[in-house]
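Below is one structure; the comments refer to it alone.
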Amino acid sequence: MPTITDWLMVVITAVYVIATILICRANIKSANATREQVAESKRQFDEGNRAYITYAFIFEKRSFYGLRFTNHGRRVAKKVKIVLSKDFIQSLNESKFVDSLNKVSMNECVLGVDQSIDIYFGGNEFRENSNKLPIEGEIIYEDNLGKYVESFMIDFNSYPPIFSVDSELEDIRKEIKKQTLELQKLHKGITALQKNAEQGGKDA
Numbered sequence: 027m028p029t030i031t032d033w034l035m036v037v038i039t040a041v042y043v044i045a046t047i048l049i050c051r052a053n054i055k056s057a058n059a060t061r062e063q064v065a066e067s068k069r070q071f072d073e074g075n076r077a078y079i080t081y082a083f084i085f086e087k088r089s090f091y092g093l094r095f096t097n098h099g100r101r102v103a104k105k106v107k108i109v110l111s112k113d114f115i116q117s118l119n120e121s122k123f124v125d126s127l128n129k130v131s132m133n134e135c136v137l138g139v140d141q142s143i144d145i146y147f148g149g150n151e152f153r154e155n156s157n158k159l160p161i162e163g164e165i166i167y168e169d170n171l172g173k174y175v176e177s178f179m180i181d182f183n184s185y186p187p188i189f190s191v192d193s194e195l196e197d198i199r200k201e202i203k204k205q206t207l208e209l210q211k212l213h214k215g216i217t218a219l220q221k222n223a224e225q226g227g228k229d230a
């Protein structure tokens, strides 16, 4: 017949088994939490140290409309490919830009950290076109950490009208050019008077 000591041993063993199970479960949860923290830390590190290309609408030299793609990341972007919507390209009125953009979609390049590449899609005819389609496309690139595909879209209906305004420096240049032309005319007049005077002296 079991004694009290035997029952105590059974109880102690049961408590020990249960405690061991609980400790194992706690260790598993802790290991899973640590694993998730490590994975999240790695994700954040990769996200903060990857190549990252952004885009911006540009208007250069008061004549050309385009997009500027800049690598603001911390790694070199390789196999950079800019694919524009065919509908947008076909809507352009200037054939030279259509040909250029078709070539852009077929080529790849490399963008170092803080480096940019510009592509142009129109001039004055583009500005005067009242039926502009939104610019849509994708930026495809990769680095040592992975491959990225990012979409972009610019709707010109959300932009205010773009006007070409001369800067103060350009106004000064125009004024200097105007004065130079006046001086050239004056110089020609003085030269003509001198020649006439010399000719009159010879005739006398």
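Adding 26 to a residue's 1-based position in the sequence shown gives its number in the working numbering. Backbone N, C-alpha and C fix where the C-beta goes; we use that ideal spot for every residue, glycine too.
Alpha-carbon to alpha-carbon, residue j and residue i
{"i": "VAL191", "j": "GLU86", "result": "With a pLDDT of only 49 at VAL191, under 50, the local geometry of the prediction cannot be trusted, and the value read off the model is given with reservation. One C-alpha to the other measures close to 12 angstroms."}
{"i": "ALA82", "j": "ALA52", "result": "51 angstroms"}
{"i": "LYS215", "j": "ARG88", "result": "With the sequence shown as reference, residue 215 is identified as Gly, and Lys is not the correct amino acid for it. Using only the alpha carbons, I get a separation of about 37 angstroms."}
{"i": "CYS50", "j": "VAL36", "result": "21 angstroms"}
{"i": "ASP113", "j": "ILE165", "result": "17 angstroms"}
{"i": "GLN220", "j": "GLN210", "result": "15 angstroms"}
{"i": "GLY62", "j": "ILE54", "result": "In the sequence as presented, Gly is not what sits at residue 62; that position holds Glu. The straight-line gap from Cα to Cα measures roughly 12 angstroms."}
{"i": "ASN222", "j": "LYS200", "result": "33 angstroms"}
{"i": "ALA59", "j": "PHE90", "result": "54 angstroms"}
{"i": "GLY92", "j": "HIS213", "result": "45 angstroms"}
{"i": "THR80", "j": "ALA65", "result": "26 angstroms"}
{"i": "ILE84", "j": "GLY148", "result": "11 angstroms"}
{"i": "THR31", "j": "ARG69", "result": "56 angstroms"}
{"i": "ALA40", "j": "THR46", "result": "10 angstroms"}
{"i": "ILE44", "j": "SER56", "result": "18 angstroms"}
{"i": "SER142", "j": "MET179", "result": "19 angstroms"}
{"i": "ILE198", "j": "GLN225", "result": "40 angstroms"}
{"i": "LYS204", "j": "TYR146", "result": "32 angstroms"}
Residues that residue i bridges to, as DSSP identifies them
{"i": "ALA65", "result": "The partner list for ALA65 (beta bridge, DSSP) is empty, contrary to what the question assumes."}
{"i": "ARG100", "result": "None, per the DSSP bridge assignment."}
{"i": "CYS50", "result": "DSSP lists no partner for CYS50."}
{"i": "TYR78", "result": "Beta-bridge pairing links TYR78 to no other residue."}
{"i": "ASP144", "result": "ARG94"}
{"i": "LYS203", "result": "Partner(s): none; LYS203 has no beta bridge."}
{"i": "VAL109", "result": "GLU164"}
{"i": "LEU137", "result": "ALA103"}
Beta-carbon contacts of residue i that lie in its chain and below 7 angstroms, excluding the five residues immediately before and after
{"i": "ILE115", "result": "VAL124, LEU127, ASN128"}
{"i": "ALA77", "result": "ASN97, GLY99, ARG101, VAL102, ALA103, TYR167, ASP169"}
{"i": "ILE38", "result": "none"}
{"i": "TYR174", "result": "TYR167, GLU168"}
Beta-carbon contacts of residue i that lie in its chain and below 6 angstroms, excluding the five residues immediately before and after
{"i": "CYS135", "result": "VAL106"}
{"i": "LYS158", "result": "PHE182"}
{"i": "LEU137", "result": "ASN97, ALA103, VAL106"}
For residue j and residue i, believed in contact at Cβ under 8 angstroms, the rounded distance
{"i": "LEU110", "j": "GLY163", "result": "4 angstroms"}
{"i": "ILE161", "j": "VAL130", "result": "Their Cβ separation, rounded to whole angstroms, is 12 angstroms, which puts ILE161 and VAL130 out of contact at 8 angstroms."}
{"i": "ARG94", "j": "ASP140", "result": "Rounded, the Cβ-Cβ distance is 12 angstroms, inconsistent with contact."}
{"i": "GLU154", "j": "GLU120", "result": "Contact flag wrong, Cβ pair sits at about 11 angstroms."}
Residues near residue i by beta carbon distance below 8 angstroms, same chain, minus five either side
{"i": "LYS218", "result": "Note that residue 218 is Ala in the sequence shown here, rather than Lys. Excluding residues within five positions, none has a Cβ falling inside 8 angstroms."}
{"i": "GLY74", "result": "ARG100"}
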